[in-house]
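> Below are the structure tokens for one structure; questions will follow.
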Amino acid sequence: MHEGGVQTFGRAAFLRAGMVGAATVAGTALVAPSARAGLPAPVPVDDDVGYLQFTATGELVAVSLGTTLLQAPGFTAAQRQRLQALRAGSKRHLARLSLVLGADAPQFGDFDLQVPAPPGGTPKARLATSLDLAGLLAGVYLAAVSDTVDAATRGLHGRLLWSQAQQVSTLRVLSGLPSVAGGLPVPIPLEAAVPRLDAYLADAEPPV
């Protein structure tokens, strides 16, 4: 599958590997080089790893959807430039998260992405899926800022949240919506977020 190919990972398997397995992963040396000079390196503990695994997988899906959008008809040259920038941003997010997770980071080719064809196949309908995922990731980043134990990991999620908010705003503009939604964003805990992300992922085999 192309770079957008993401791993088959059903809800039960995701919960087992990303959340229940967090304690195992947290027991290993997850000290990554600081993303920025002067910033402490994240050392996630306990459920911190669950947030990292979830958001890394979500960014994999975001890159995949970005590839699909760029291959779809109906977008202007200017819109495609923005879509390319969005996809590049998701790649940067993924790289930051993968740096912390190390060998436990999800990889392209590990998953099998399933995205229902939008009704009518219009550009706006295609963008709706990416906007929904972008909002989901923003909500989880916000929850991670509140729930993460390790201060450096919490700081990383905060920086990713700031960047993700710009992604959401750009997708809203491309969709013909106001750049900023009304009201304050709501954090989305992992328990609520997992089924929504799992809808994009199909099991290659039943969970063991």
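Under UniProt numbering, the sequence shown has 142 at position 142, and the numbering climbs by one with no breaks. C-beta: ideal position from N, C-alpha, C; glycine also.
Would F54 pass as a contact of V186 if the rule is Cβ separation under 8 Å?
Against a cut-off of 8 Å, the Cβ pair of V186 and F54 comes out as no contact.
> Using three-state DSSP, classify F54 as helix, strand or coil.
In the structure shown, F54 sits in a helix (DSSP, three-state: H, G or I).
> If you follow the alpha helix (DSSP H) that Y141 is part of, which residue opens it and which one closes it?
It spans 123-147 - the alpha helix (DSSP H) in which Y141 sits, taken as one unbroken run.
> List in chain order: all unbroken beta strand (DSSP E) runs of 3+ residues lying wholly within the region 60-107.
Fully enclosed beta strand (DSSP E) runs of 3 or longer: not present.
> Go ahead and label T148 buried or exposed: buried means 16 or more other beta carbons lie within 10 angstroms of its beta carbon, across all protein chains shown.
It counts as buried.
> Using the DSSP secondary-structure output, state which residues sit across from L113 in a beta bridge.
Partner(s): L201.
> Can you list, in chain order, the residues of its chain with a C-beta nearer than 8 Å to that of L127? Leave out the 5 residues immediately preceding and following it.
So the list reads L69, L171, L174, S175, once near-sequence residues are dropped.
> Is there contact between the region 152-168 and the region 103-112, where contact requires at least three CB pairs shorter than 8 Å?
Judged by Cβ distances under 8 Å, the region 152-168 makes no contact with the region 103-112, as fewer than three pairs qualify.
> Grab me the residues of A22's own chain with a C-beta within less than 8 Å of its C-beta, minus the 5 sequence neighbours each way, in chain order.
Caution is warranted here: a pLDDT of 40 is assigned to A22, below 50, making its placement in the model unreliable, and the coordinate value is therefore given only provisionally. Counting only Cβ-Cβ distances below 8 Å, and skipping sequence neighbours, we find D46, D47, D48, V49, G50, Q53.
> Rounded to whole angstroms, how far is the Cβ of L133 from the Cβ of L65, which I believe are closer than 8 Å?
Their Cβ separation, rounded to whole angstroms, is 6 Å, which keeps L133 and L65 in contact under 8 Å.
> Expressed to the nearest angstrom, what Euclidean distance is found between the alpha-carbon atoms of S34 and S98?
Its pLDDT being 47, under 50, S34 is placed unreliably by the model, and nothing is read from it.
> Since P189 and A151 should fall inside the 8 Å C-beta cutoff, what is the C-beta to C-beta distance between them, to a whole number of angstroms?
With 8 Å as the limit, P189 and A151 do not qualify as a contact, their Cβ atoms being about 20 Å apart.
> Could you give the C-beta distance for A41 and L94, rounded to a whole number, given that I count them as a contact under 8 Å?
About 18 Å separates the two Cβ atoms, so there is no contact after all.
> Quick check on the DSSP output: the alpha helix (DSSP H) that includes A151 runs from which residue to which?
Where A151 is concerned, the enclosing alpha helix (DSSP H) stretches over 151-174.
> Can you have a look at V180 and say buried or exposed, based on whether 16 or more other CB atoms are within 10 angstroms of its CB?
With fewer than 16 other Cβ atoms within 10 Å, it is exposed.
> Quick one: using the 10 Å Cβ neighbour count with 16 as the cut-off for buried, is P178 buried or exposed?
By the 10 Å Cβ count, P178 comes out exposed.
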